[in-house]
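Residue numbers (this note's numbering): 6 to 678. Using N, Cα and C, we set each Cβ at its ideal position, and we do this for glycine too. Down below is the structure, laid out as structure tokens.
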Ligand code: NAP
């Protein structure tokens, strides 16, 4: 048994021929095959396994079979079985080290240092191109090497130490929030030997994975991708694991990185003020023992975007006599068994918990304002196939190649399907040819799900372009629930709430009364109100919320003019709609913040304040970029927009571009003091 969730030790192959055969043939997904031969080629140092005829079709990598037909799949499996038996019998040997902790002399551990560091860029590129069926551009290789981290090396770790750059300087950093980004920032600062404290308002770490405990809560990005590049976990139990697994992962990371001693739980930063004289921040912190004040040379905000519940304002809400709560503040003391439950909202959170509530409620009404687009993901609730887990445990680097494959197929290619085509006539249903093609595919899935319920078609059919809102993952459980006899899906507007009901009304004024013992608000978060309710006062006494005026912006999503030495994680325009994971973005943002801190320490500078003209020019480009994407032009409701209608949340360009822009700070972008 592994000693830690992050213990990715590779075990020797002792399985029988039949067991190896069963492992390679047993995995229930064809999507594990494209990465298999490149992983074996890399682990064995044998490129003869990159058989040209067994490359997936680059145009079809988002299909489950990646364009590999049955014969090709069978041949990949046959070759893999042959190779694994050879390794077991000593006729071949793995030469790479596999993941980090492989130090016990197992097959994976025998590699030379050169091999452990992986192949040359050209070689890595060849392996990547084979597994994706695309000619991956050379510019992607350094980025993908970091993400892949095939031998467990941490290529994003700071290469400097504060003690070397500024041995006599005190440079305390305050991190706000101990969720995914705060843990990451703490880890990086610790690696660099910079002093830091993490203030966390909750009683424990984990952020969104601590707070959201609703039934069915799980990650909706492939789990092998939704994890730190430098702390990958090979044995995720599910392709999309439930919330407790994610919370365990982040707790393990914090423990293994030695971060708990830096964390101050139950401490909420209520305000922070920059002193132009002292060139430092003062933080006011509310804790169990009262209010306190702390100084910091720099502050990293890691408070998240999606955690302050958005409660609607509906006539009569206060008159409701039953229990009610928001999905992110699930009240586990409320027994839903046999009750009349009304759910307001039908976004990503509702889609996860509603099927569970339907199982226990007496009657469930789902009040949907806007229908979702759903993308079919058959393995959404499946445990990772045992055969695949076996391969992760026995082939050095395979889990990392699998992660790379999952990363790539959910990255840049999808952006084209969200783009606005200037020559497209009517953008109300689709924004261009590729978007229309996506719409057709998603519509096919939708009508397949509701083939037996034409009465629901008008209610479930989105009348807006796909990717204007978040496309929700689906394995059919939502439509199955909506079709239950004890579930009502109502797509008409809510009129009022009464003591024991929620009343809706259709276009003809016909009212429907949904009797309610319990109301669950699945109404999302105040996403565009970045940093609220914290007060942030920068240079010259300017309040950041006044500056933003409800429409948050930042340079690179990380820094803002007039607020020196202040860095945002998951700040304005760093959310992604269809490509990548937020962890990828946080890793880039933290890397950039550390780059600025390094610059300050190396050059003996007190502060770095982003130039206004640099910030403004950047935001013009971001706004232009968002107006070329479905989420920028569509008028449908979405949390991607600020009240002004401007897209304040989303990043409109490629993952590569975000990585490139956060590689290292340009001193010319700053007023340095
Ligand atoms: P959401 O997507 O913003 O959905 C909120 C729902 O409430 C929408 O259906 C919205 O309707 C409705 N609503 C809001 N105000 C309303 C009002 N006054 N009257 C009636 N209906 C109202 O929120 P969410 O489902 O919590 O998800 C937010 C984001 O969190 C997701 O997009 C995703 O990025 C993230 N998330 C991730 C996971 C995961 O990884 N597992 C799970 C859940 C959420 P409209 O659509 O008309 O606005």
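Item checked: Every unbroken alpha helix (DSSP H) inside the stretch 529 to 612 [4 residues or more] -> 549 to 553 and 587 to 608
Item checked: Cα-Cα separation, residue 591 to residue 575 -> If you number the chain shown from 1, residue 591 lands on position 586. If you number the chain shown from 1, residue 575 lands on position 570. Rounded to the nearest angstrom, the two C-alpha atoms are 7 Å apart.
Next item on the list: Could you tell me if the beta carbon of residue 224 falls within a distance shorter than 6 Å of some heavy atom in the ligand NAP?
Entry: On the chain shown, position 219 is the one that residue 224 refers to. Checking the Cβ of residue 224 against the ligand NAP gives yes.
Checklist line | Rounded C-alpha distance that separates residue 503 from residue 532 | finding: Counting from one through the chain shown, the residue named residue 503 turns up at place 498. Counting from one through the chain shown, the residue named residue 532 turns up at place 527. Distance between the alpha carbons of residue 503 and residue 532: 28 Å.
Checklist line | Neighbour-count burial assignment, residue 452, 16 or more Cβ in a 10 Å radius | finding: Along the chain shown, read from residue 1 onward, the residue named residue 452 stands at position 447. When all chains shown are included, residue 452 counts as exposed.
Notebook entry, point to check: Just the Cα atoms here: how many angstroms apart are residue 117 and residue 48?
Noted result: On the chain shown, residue 117 is found 112 positions in, with the first residue counted as 1. On the chain shown, residue 48 is found 43 positions in, with the first residue counted as 1. Bear in mind that the predicted position of residue 117 carries a pLDDT of just 36, short of 50, making it unreliable; the figure below should be weighed with that in mind. Whole-angstrom Cα-Cα distance: 12 Å.
Next item on the list: In angstroms with no decimal places, state the Cα-to-Cα distance between residue 388 and residue 243.
Entry: By one-based count along the chain shown, residue 388 stands at place 383. By one-based count along the chain shown, residue 243 stands at place 238. Computed Cα separation, rounded: 4 Å.
Check: Between residue 137 and residue 61, what straight-line distance do the alpha-carbon atoms span, to the nearest angstrom?
Finding: In the chain shown, the residue the question calls residue 137 occupies position 132. In the chain shown, the residue the question calls residue 61 occupies position 56. Each residue's Cα considered, the two are about 6 Å apart.
Next item on the list: Would you be able to state if there are at least three C-beta pairs under 8 Å between the stretch 188 to 207 and the stretch 347 to 358?
Entry: no
Next item on the list: Spell out a yes or no on whether the stretch 159 to 177 and the stretch 596 to 612 are touching, meaning 3 or more CB-CB pairs, one atom from each, closer than 8 Å.
Entry: yes
Next item on the list: Can you give me the Cβ contacts of residue 110 inside the same chain, cut-off strictly under 8 Å, excluding the 5 residues immediately before and after it?
Entry: Taking the first residue of the chain shown as 1, we reach residue 110 at position 105. Any reading at residue 110 must be qualified, since the residue scores a pLDDT of 32, below 50, and its modelled position is unreliable; no value is offered.
Note to self: Here's the rule: buried if 16 or more other CB atoms are within 10 angstroms of the residue's CB, otherwise exposed. What is residue 618?
What the structure shows: Residue 618 sits at position 613 when you count from the first residue of the chain shown. Exposed, since its Cβ has fewer than 16 Cβ neighbours within 10 Å.
Check: Relative to the alpha-carbon of residue 234, which residue among 586, 599, 305 and 624 has its alpha-carbon at the smallest distance?
Finding: Here residue 234 is taken as the residue at index 229 of the chain shown, counted from 1. The shortest Cα separation from residue 234 among 586, 599, 305 and 624 belongs to 586.
Notebook entry, point to check: What do you reckon, are the CB atoms on residue 437 and residue 426 nearer than 7 Å?
Noted result: The sequence position of residue 437 within the chain shown is 432, counting from 1. The sequence position of residue 426 within the chain shown is 421, counting from 1. Yes, the Cβ-Cβ distance between residue 437 and residue 426 is below 7 Å.
Item checked: Spatial neighbours of residue 279 in its chain, beta-carbon cut-off 7 Å, leaving aside the 5 residues before and after -> For this step, residue 279 is matched to residue 274 along the chain shown. Excluding positions up to five away in sequence, the list reads 286, 542, 543, 544, 568 and 569.
Check: Cβ of residue 585 versus every heavy atom of the ligand NAP: is any distance shorter than 6 Å?
Finding: Mapped onto the chain shown, residue 585 falls at position 580. False, no ligand heavy atom lies under 6 Å from that Cβ.
Next item on the list: For residue 394, collect the residues of the same chain with a Cβ closer than 7 Å to its Cβ; drop the 5 residues on either side in sequence, then sort them by chain order.
Entry: Against the chain shown, residue 394 aligns to sequence position 389. Result list for residue 394: 240, in chain order.
Notebook entry, point to check: Would you report the Cα separation of residue 211 and residue 24, rounded to the nearest angstrom?
Noted result: Translated into the one-based positions of the chain shown, residue 211 becomes position 206. Translated into the one-based positions of the chain shown, residue 24 becomes position 19. Approximately 39 Å, taken between the alpha carbons.
Next item on the list: Starting from residue 646, follow its DSSP beta bridges and name the residues at the other end.
Entry: On the chain shown, position 641 is the one that residue 646 refers to. Beta-bridge pairing links residue 646 to 652.
Checklist line | Residues bridged to residue 134 (per DSSP) | finding: Mapped onto the chain shown, residue 134 falls at position 129. Answer is none; residue 134 lacks a bridge partner.
Next item on the list: Look at the alpha carbon of residue 336 and the alpha carbon of residue 613, and state the distance between them as a whole number of angstroms.
Entry: For the purposes of this step, residue 336 is taken as residue 331 along the chain shown, with counting starting at 1. For the purposes of this step, residue 613 is taken as residue 608 along the chain shown, with counting starting at 1. Residue 336 and residue 613: Cα-Cα distance of roughly 44 Å.
Margin query: For residue 468, count the other beta carbons within 10 Å of its own beta carbon; 16 or more makes it buried, fewer makes it exposed. Which is it?
Written below: As a first step, residue 468 must be located in the chain shown, where it is residue number 463. Classification of residue 468: exposed, given that the 10 Å Cβ count is below 16.
Check: Going by other Cβ atoms of all chains shown within 10 Å of its Cβ, with 16 needed for buried, is residue 140 buried or exposed?
Finding: Position 135 of the chain shown, counted from the start, is the residue given in the question as residue 140. It is exposed - the Cβ of residue 140 has fewer than 16 other Cβ atoms within 10 Å.
Checklist line | For residue 193, three-class secondary structure by DSSP | finding: Along the chain shown, one-based indexing puts residue 193 at 188. Residue 193: helix per DSSP, three-state reduction.
Item checked: Closest residue to residue 250 among 228, 412 and 390 (Cα-Cα distance) -> Taking the first residue of the chain shown as 1, we reach residue 250 at position 245. Minimum Cα distance to residue 250 is reached at 228.
Next item on the list: Starting from the C-beta of residue 342, find all residues in its chain whose C-beta is less than 7 Å away, skip the five residues before and the five after it, and write them out in chain order.
Entry: Numbered from 1 along the chain shown, position 337 holds the residue referred to as residue 342. The residues are 365.
Item checked: Pairwise C-alpha distance: residue 551 and residue 523 -> Position 518 of the chain shown holds residue 523. Position 546 of the chain shown holds residue 551. Cα to Cα, the separation comes out at about 38 Å.
Next item on the list: Give the single residue among 674, 186, 668 and 401 whose Cα lies nearest to the Cα of residue 151.
Entry: On the chain shown, position 146 is the one that residue 151 refers to. With distances taken between Cα atoms, residue 151 lies closest to 668.
Next item on the list: Report yes if the CB atom of residue 593 is closer than 7 Å to the CB atom of residue 664, and no otherwise.
Entry: Within the chain shown, residue 593 is the residue found at index 588, counting from 1. Within the chain shown, residue 664 is the residue found at index 659, counting from 1. Going by C-beta atoms, residue 593 is nearer than 7 Å to residue 664.
Margin query: Tell me whether residue 352, by its Cβ, gets closer than 6 Å to a heavy atom of the ligand NAP.
Written below: For the purposes of this step, residue 352 is identified with residue 347 of the chain shown, where counting begins at 1. Correct: residue 352 has its Cβ closer than 6 Å to the ligand NAP.
Notebook entry, point to check: Helix, strand or coil: how does DSSP classify residue 630 here?
Noted result: Numbered from its first residue, the chain shown carries residue 630 at position 625. Reduced to three states, the DSSP call for residue 630 is helix.
Item checked: Three-state secondary structure assigned by DSSP to residue 506 -> Numbered from 1 along the chain shown, position 501 holds the residue referred to as residue 506. Note: residue 506 maps to strand in three-state DSSP.
Checklist line | Option nearest residue 433 by Cα separation, candidates 422, 638 and 184 | finding: By 1-based counting over the chain shown, the position of residue 433 is 428. For residue 433, the nearest C-alpha among the options comes from 638.
Check: What's the call for residue 108, buried or exposed, on a 16-neighbour Cβ count within 10 Å?
Finding: On the chain shown, position 103 is the one that residue 108 refers to. Low confidence applies here, because residue 108 scores a pLDDT of 37, under 50, leaving its location unreliable and the question unanswered by this model.
Notebook entry, point to check: Counting along the chain, where does the beta strand (DSSP E) carrying residue 280 start and finish?
Noted result: Locating residue 280 in the chain shown gives position 275, counting from the first residue. Segment 273 to 280, the beta strand (DSSP E) holding residue 280.
Next item on the list: Would you mind sorting residue 295 into buried or exposed? The rule is 16 or more other CB atoms within 10 Å of its CB.
Entry: As a working mapping, residue 295 is identified with position 290 in the chain shown. Exposed.
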